[in-house]
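Here the numbering used here = 1-based position in the sequence shown + 153.
No residue lacks a Cβ here, since even glycine has one placed at the ideal position from N, Cα and C.
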Amino acid sequence: MNGTQNGAREGLPPPMVTIKIPAAFRALSGGQRQVAAKGENIREVFADLNECLPGLIDKIMDGQGSVRRYINVYRNDNDIRGLENLETRVEESDVVWIIPAVAGGSIRPAVQEPKVPEVLPSEFFLNPGPSPHATNAELRSKCPVHQINYPPGSEAYAVLGHRAVAEAFTDSRLSKEAENLPPRFRDRALSSSLLMVRNLGFADPPDHARLRRPISRAFLPNAIADLRPRIQDVVDDLIDTFPAPGEIDLLGAFALPLPLTVICEYLGIPVQDRPLFLEWGYILSQDPFQHAESELKAATEEFTDYFTRLVARRRTDLRKDLLSELVRAADSDALSERELLSTILLLLIAGHKTVANLIGNGTALLLGHPGQLDLLRTTPELIPAAVEEMLRFEGSAAWASMRVAVEDMRLAGTEIPRGSFVHLLLSSAGHDPEAYDEPERFDVTRSPNHHLAFGHGAHFCVGAPLGRLQGDIAFTTLLRRLPGFELAVRQDEVEWLADSSLSRGLRALPIRVRERLPR
Numbered sequence: 154m155n156g157t158q159n160g161a162r163e164g165l166p167p168p169m170v171t172i173k174i175p176a177a178f179r180a181l182s183g184g185q186r187q188v189a190a191k192g193e194n195i196r197e198v199f200a201d202l203n204e205c206l207p208g209l210i211d212k213i214m215d216g217q218g219s220v221r222r223y224i225n226v227y228r229n230d231n232d233i234r235g236l237e238n239l240e241t242r243v244e245e246s247d248v249v250w251i252i253p254a255v256a257g258g259s260i261r262p263a264v265q266e267p268k269v270p271e272v273l274p275s276e277f278f279l280n281p282g283p284s285p286h287a288t289n290a291e292l293r294s295k296c297p298v299h300q301i302n303y304p305p306g307s308e309a310y311a312v313l314g315h316r317a318v319a320e321a322f323t324d325s326r327l328s329k330e331a332e333n334l335p336p337r338f339r340d341r342a343l344s345s346s347l348l349m350v351r352n353l354g355f356a357d358p359p360d361h362a363r364l365r366r367p368i369s370r371a372f373l374p375n376a377i378a379d380l381r382p383r384i385q386d387v388v389d390d391l392i393d394t395f396p397a398p399g400e401i402d403l404l405g406a407f408a409l410p411l412p413l414t415v416i417c418e419y420l421g422i423p424v425q426d427r428p429l430f431l432e433w434g435y436i437l438s439q440d441p442f443q444h445a446e447s448e449l450k451a452a453t454e455e456f457t458d459y460f461t462r463l464v465a466r467r468r469t470d471l472r473k474d475l476l477s478e479l480v481r482a483a484d485s486d487a488l489s490e491r492e493l494l495s496t497i498l499l500l501l502i503a504g505h506k507t508v509a510n511l512i513g514n515g516t517a518l519l520l521g522h523p524g525q526l527d528l529l530r531t532t533p534e535l536i537p538a539a540v541e542e543m544l545r546f547e548g549s550a551a552w553a554s555m556r557v558a559v560e561d562m563r564l565a566g567t568e569i570p571r572g573s574f575v576h577l578l579l580s581s582a583g584h585d586p587e588a589y590d591e592p593e594r595f596d597v598t599r600s601p602n603h604h605l606a607f608g609h610g611a612h613f614c615v616g617a618p619l620g621r622l623q624g625d626i627a628f629t630t631l632l633r634r635l636p637g638f639e640l641a642v643r644q645d646e647v648e649w650l651a652d653s654s655l656s657r658g659l660r661a662l663p664i665r666v667r668e669r670l671p672r
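This is the structure in structure tokens:
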């Protein structure tokens, strides 16, 4: 292209930037995914682009020269700045990302590839709001796979349909390994996120089986069933601290400390250091492409130092706990030291955060559906089925962990290029009317209930039996010992956490306890 020289700085040529073309507009760009253009600001860049792709510019600009699309300027791999106006200045190597509107006055291009949806903004993941299900339903009805700008500046797709999500879970063309990410994302992930170092959650066959083997026996249903008496004691000990009558945050007083205590004891690590694990777990579960890199690295260093010393002590004092089993695996060369630490981190995060969300989300659902709550009080044998319905309706994770296409592929009618991120939206799949009758009805008697909250295929959650057991004991005991407990705030005042982790959970759940019965 012939770059305009208007406003050139001190005789230097204008900056060269990259313009990312969304899939919905590629028929107008000759199939190109990105093009280069020059200019000192967005207006000049678009003027340069217009010389060879006027049809595309017509979809970005209106007749009065104003932008009618959502534009982001992407800089230095992790800096996203929303476009304020056409005079926004750009720098050499900036990436200008054009995002078609999702709704409200959207103007689709005259020529479209078949079944190609509009590009969703990053906020679709980062701030879905208290009830994303209506938005998911609208998008899912148009197409089960949508392009999304997440991580920002990447080629990425969100999979919303139940059938498409289930198929993607077992598709060998989708890799879980960070080494297969596009270079700039790969380097950031591996340098700042211990969680994405190879462990059973971020590995492909045959390595996945090798990494899963040292812990799989410890999470078999029979082994987990032996934990029931101890989990019951922890549940009762926590409830004994509740004021009666009085108000309490169920998340901070119960939902978080319960699973963290259980996984710490099962691993064989000091429960008194629980506040450290909560802090590290929160930071290190964040998306390495969104969260502050310095904070991730600092938490990784602290975690690594703590557990390196603990593992060294355990080598001289092996016990009958899961940490000792992992140390034995490392000493037999089944795990490297880095894989050992990454696996411990995965177990800590998955072992407490998901169960805490199950208890918090599930309790909020019951308090919002008093008829279902009364049914469980009178028929407690329904609680295991109720836990499954909670996982379907408002599961602990909004989407599954990272996947990347290792070859060009087609999923549910959508072409996905090699190197693309593919996000599996569990929260959407659980409300798909093609998989469930009346999916928007919360029904603790629902059967069958083939939800995907624990994943599917080889990556089905190894800790599912422990999560289910804790949910069963927690809800059974809460409903038995706390008759008539209720929300201490209005339902619409319950605040959902919005961060870059894949979790779906509450910030707090204030409840009012009227009476506390003995154990």
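Quick check: the Cα distance between residue i and residue j, rounded to an integer number of angstroms?
i              : j             : result
isoleucine 512 : leucine 413   : 13 angstroms
glutamate 547  : glutamate 193 : 47 angstroms
isoleucine 195 : serine 344    : 33 angstroms
asparagine 514 : histidine 576 : 22 angstroms
alanine 606    : proline 167   : 50 angstroms
aspartate 389  : proline 671   : 9 angstroms
proline 382    : leucine 631   : 16 angstroms
leucine 493    : lysine 173    : 39 angstroms
arginine 427   : arginine 186  : 47 angstroms
glutamine 683  : proline 410   : Because the chain spans 154 through 672 in this model, residue 683 falls outside it and cannot be assessed.
asparagine 333 : cysteine 205  : 34 angstroms
leucine 579    : alanine 553   : 7 angstroms
proline 335    : aspartate 440 : 16 angstroms
Where does residue i fall in DSSP's three states?
i                 : result
serine 325        : coil
aspartate 309     : Strictly speaking, residue 309 in this sequence is alanine, with aspartate absent from that position. Residue state, collapsed to three classes: strand.
asparagine 602    : coil
isoleucine 174    : coil
isoleucine 260    : Below a pLDDT of 50, predicted positions are generally treated as unreliable, and isoleucine 260, at 28, falls in that range; the measurement from the model is reported next regardless. DSSP places isoleucine 260 in coil when its eight states are reduced to three.
valine 415        : helix
glutamine 443     : coil
phenylalanine 574 : strand
leucine 640       : strand
arginine 665      : strand
histidine 299     : strand
arginine 387      : First, the amino acid is wrong: residue 387 is valine here, not arginine. It is helical.
tyrosine 223      : Unreliable placement is indicated for tyrosine 223, whose pLDDT of 45 sits below 50; the coordinate value is still reported in the next sentence. Three-state result, tyrosine 223: strand.
asparagine 203    : helix
glutamine 265     : Low local confidence applies: a pLDDT of 35 at glutamine 265 is under 50, so the model's placement there is unreliable, and no value is given.
valine 243        : coil
Let me know if residue i comes out buried or exposed under the rule of 16 or more other beta-carbons within 10 Å of its beta-carbon.
i                 : result
glycine 524       : exposed
glycine 354       : buried
glutamine 300     : buried
phenylalanine 628 : buried
asparagine 375    : exposed
alanine 452       : buried
leucine 373       : exposed
serine 307        : buried
proline 592       : buried
valine 170        : buried
Between the Cα of residue i and those of the options, spot the shortest distance and give me the residue it belongs to.
i              : options                           : result
alanine 658    : Lys295, Gly405, Ser344 and Pro358 : Per the sequence presented here, residue 658 reads as glycine, with alanine not at that position. Of the candidates Lys295, Gly405, Ser344 and Pro358, the one whose C-alpha sits nearest the C-alpha of glycine 658 is Gly405.
leucine 677    : Ala503, His286 and Asp470         : In this structure the chain extends from 154 to 672, so residue 677 is not present and cannot be described.
valine 559     : Glu308, Arg326, Leu605 and Ile301 : Arg326
leucine 544    : Val557, Leu518, Ile569 and Ile384 : Leu518
arginine 621   : Asp458, Ala509, Gly183 and Leu202 : Ala509
alanine 565    : Ser600, His315, Ile174 and Leu488 : His315
isoleucine 664 : Val170, Val249 and Phe395         : Phe395
leucine 526    : Ser573, Ala287 and Thr598         : Thr598
valine 415     : Tyr459, Leu475, Ala321 and Ser369 : Leu475
glutamate 455  : Leu391, Ile436, Arg466 and Asp201 : Ile436
serine 654     : Ala538, Ala190 and Pro281         : Pro281
Using a beta-carbon distance below 8 angstroms, is residue i in contact with chain B?
i                 : result
phenylalanine 613 : This model lacks chain B altogether, as it is built from one protein chain only.
Less than 8 angstroms between the CB atoms is what I'm expecting for residue i and residue j, so what's the real figure, rounded?
i           : j             : result
valine 540  : glycine 624   : 4 angstroms
lysine 329  : serine 438    : About 16 angstroms; that fails the 8 angstroms criterion.
alanine 661 : glutamate 648 : 7 angstroms
valine 298  : tyrosine 310  : 6 angstroms
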